[in-house]
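*Asks:*
Protein chains: 2
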Amino acid sequence: MDSVFKALSDPHRRDILKILKKGDLSVGEIATHFDFTGATLSHHLDILKRANLVVTERRGQFIFYSLNTSVLEDVLLSFSSFFSQ
Amino acid sequence: MDSVFKALSDPHRRDILKILKKGDLSVGEIATHFDFTGATLSHHLDILKRANLVVTERRGQFIFYSLNTSVLEDVLLSFSSFFSQ
DNA sequence: CTAATATTTAGACATTCTTCTAATTATCGA
DNA sequence: TCGATAATTAGAAGAATGTCTAAATATTAG
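Sequences listed follow chains B and S, in order. For the record, in the first sequence the residue sitting at position 47 is 47 according to my numbering, with numbers rising by one throughout. For the record, in the second sequence the residue sitting at position 40 is 40 according to my numbering, with numbers rising by one throughout.
#1: Please give the ranges of any alpha helix (DSSP H) in the stretch 28 to 83 of chain S, keeping only runs that are unbroken, at least 4 residues long and fully inside the region.
#2: Are the C-beta of residue 48 (chain S) and some C-beta of chain B separated by less than 8 Å?
#3: Strictly under 8 Å for the Cβ-Cβ distance: is residue 76 (chain B) near chain S by that measure?
#4: Would you verify that the beta carbon of residue 36 (chain S) is, or is not, closer than 8 Å to some beta carbon of chain B?
#5: State yes or no: is the C-beta of residue 24 (chain S) within less than 8 Å of the C-beta of residue 66 (chain S)?
#6: Using a Cβ-Cβ distance under 8 Å, would residue 80 (chain B) count as near chain S?
#7: Tell me where the alpha helix (DSSP H) around residue 3 (chain B) begins and ends.
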């Protein structure tokens with residue numbers, strides 16, 4: 001759970017998750033939304049992946065990232081019980 | 001919202017919130033749950049306060065901290081819409 | 001096979017974060 | 001009022017974080 005909170009603590013990473021809500025995107029497509037380098041984006045994606053918030057799938061030259069919806073639901077439940085109850 | 005995510009990114013601060021769920025506590029009482037110094041605790045409490053996650057009230061010598069429940073509910077709602085929809 | 005494109009990895013640097021000790025402020029009890 | 005207790009503030013040190021450039025890896029097209 002720690003890695004999830006850490007992952008969500010950066011605004012750029014939260015933006016990435018929001019962008020992925022609309023559908024899977026390749027790294028290059030995600031990159032068009034930001035000003036920093038590909039290396040930096042790669043680093044953010046790695047942190048999201050380690051937190052299990054996203055999953056990847058290679059399709060030819062491209063690597064597509066998508067939300068790991070089941071984990072996101074778990075996270076939300078976890079948040080609920082964290083705050084209430 | 002950024003300050004909230006930042007505040008929640010530290011495990012000790014999340015522990016503090018959990019402890020406060022049981023009821024208001026003075027700084028000294030909160031301190032009994034942790035190993036670090038009072039100065040460090042004070043710093044964590046300051047971050048939680050700036051994020052509006054807790055509120056304070058002086059009672060004589062003591063300063064009591066309690067959860068800012070209305071903001072916590074907002075945060076949870078915000079999280080929900082962040083993940084779903 | 002080679003060149004081009006997509007992405008990640010390595011290494012460096014500046015900033016931010018967590019923690020500490022020491023000093024300061026606030027309040028109470030005698 | 002003074003000393004003791006409670007909490008915060010100031011300043012410093014080391015670790016972690018976000019970012020960059022350059023190099024490496026993977027895949028496709030010709």
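C-beta: ideal position from N, C-alpha, C; glycine also. Owing to the predicted nature of the structure, the values given are computational and were not obtained by experimental measurement.
*Replies:* Straight from the coordinates:
#1: 38 to 50 and 69 to 83
#2: Within the second sequence, residue 48 (chain S) is the residue found at index 48, counting from 1. Chain B contact via Cβ: absent.
#3: The count along the first sequence starts at 1 and reaches residue 76 (chain B) at position 76. Closer than 8 Å: yes.
#4: Residue 36 (chain S) sits at position 36 when you count from the first residue of the second sequence. No, residue 36 (chain S) does not count as interfacial toward chain B.
#5: Residue numbering aside, residue 24 (chain S) sits at position 24 when the second sequence is read from its first letter. Residue numbering aside, residue 66 (chain S) sits at position 66 when the second sequence is read from its first letter. Yes, Cβ-Cβ distance for residue 24 (chain S) and residue 66 (chain S) is below 8 Å.
#6: As a working mapping, residue 80 (chain B) is identified with position 80 in the first sequence. Chain S, which has a Cβ nearer than 8 Å to the Cβ of residue 80 (chain B), makes this yes.
#7: Position 3 of the first sequence, counting from 1, holds the residue named residue 3 (chain B). Unbroken alpha helix (DSSP H) run through residue 3 (chain B): 2 to 8.
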